[in-house]
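Report on the structure given below.
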Amino acid sequence: MDVPTVFRWILPALAAIQLVYALRALRPALRAEPGRRVDPWLTVADHTVGAAVSAALATGNLTALLFGGAALGPILTWQLVRHLRAGGSSGIESRTG
0 MDVPTVFRWI LPALAAIQLV YALRALRPAL RAEPGRRVDP WLTVADHTVG
50 AAVSAALATG NLTALLFGGA ALGPILTWQL VRHLRAGGSS GIESRTG
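One point on numbering: in numbering that gives the first Met the number 0, the residue at position 40 of the sequence shown is 39, and numbering is uninterrupted.
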């Protein structure tokens, strides 16, 4: 897999930023009340696995990229399902209006 040199430098920086976001999301996940724990942990998992995928792209490791993508797919799907169940269009209206 051939990744241009510019992206080989940008992707590790993005992975580091995602790890910072994962650490920031960890505190609310640890403090979440019972019954409200899934969303914060999905956020932590999203950022952590996203950082691993970015690092795999930067190093050109196709195997790690495929495993990371296989883990990231269900996480993002479950976040979408929870978002659609919880708010739908009413959640968008309350934020904008």
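We put the beta carbon where it would ideally sit given N, CA and C, even for glycine.
- With 16 or more other Cβ atoms inside 10 Å of its own Cβ, A50 counts as buried.
- Taking a cut-off of 8 Å for Cβ pairs, the segment 36-48 and the segment 75-84 touch, as three or more such pairs fall below it.
- For D45, the uninterrupted alpha helix (DSSP H) run begins and ends at 37-58, by DSSP.
- When C-beta atoms of the segment 7-22 are compared with those of the segment 53-68, three or more pairs fall below 8 Å, so the two segments count as touching.
- If you look at A24, you'll find it in the alpha helix (DSSP H) that goes 4-30.
- Setting aside the 5 residues that flank it on each side, A28 is surrounded in the same chain by P39, W40, V43, each with a C-beta closer than 6 Å to its C-beta; the list follows chain order.
- For V52 against L22, the beta-carbon gap comes to about 17 Å, at or over 8 Å, which does not count as contact.
- Boundaries of the alpha helix (DSSP H) harbouring G72: 61-85, taken from the DSSP string.
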